[in-house]
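For reference, the structure discussed in these notes is given below.
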């Protein structure tokens, strides 16, 4: 039984009863198994451009590169694309990850989103307390309710609110 070791100084053959074959690659190279069951060292994949390293290269596995943060891999274009930003009136249902885009949803059922965001969901509307507050503005998909305390600065009947 032989152990084949490839180091910076070149290949070395060792004998061992425990292993039939072992290949250790130099730093920056990884072990590749091909269909003929031979083993070779290959240069590790370099993560460049809009790619970042998710898993580093080892002597037995290549590096795994994924899209950088705020980008996702688009199957149609075959490249990293910027994550979608949900507009006001929509909230984030699913956050953008390296392998899929942001999923936005419309704000309905007493929820709102008053800003563009790739992180924030629709927020629940404020409910004015009928006993202590008056509602100056109703909640919409793009704005929260506006409540005003009945105790502070009473509105007289001659004033109008727009």
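Numbering (the working numbering), first residue to last: 1 to 162. Note that beta-carbon positions come from the ideal geometry of N, C-alpha and C, so glycine has one too. Keep in mind the model is a prediction, meaning the values are calculated, not measured.
Under the three-state DSSP convention, the category residue i falls into
i, result
"residue 112", "strand"
"residue 131", "coil"
"residue 142", "coil"
"residue 99", "coil"
"residue 147", "strand"
"residue 121", "coil"
"residue 47", "coil"
"residue 104", "strand"
Closest residue to residue i among the options (Cα-Cα distance)
i, options, result
"residue 121", "77, 58, 150 and 106", "106"
"residue 115", "109, 108 and 123", "123"
"residue 50", "133, 113, 74 and 41", "74"
"residue 64", "55, 71 and 72", "55"
"residue 70", "91, 112 and 52", "52"
"residue 112", "144, 137, 128 and 136", "144"
"residue 62", "46, 151 and 126", "46"
Beta-carbon separation (whole angstroms), residue i vs residue j, contact threshold 8 Å
i, j, result
"residue 89", "residue 146", "That belief does not hold up - the Cβ atoms of residue 89 and residue 146 are roughly 17 Å apart, past 8 Å."
"residue 118", "residue 96", "6 Å"
"residue 148", "residue 133", "6 Å"
If you pair each beta-carbon of the segment 94-113 with each one of the segment 75-85, do three or more pairs fall below 8 Å? The answer is yes - the segment 75-85 touches the segment 94-113, with three or more Cβ pairs under 8 Å.
Mind listing, in chain order, the continuous beta strand (DSSP E) runs of no fewer than 3 residues lying wholly within the segment 49-95? 51-55, 64-67, 71-74, 79-82 and 90-94
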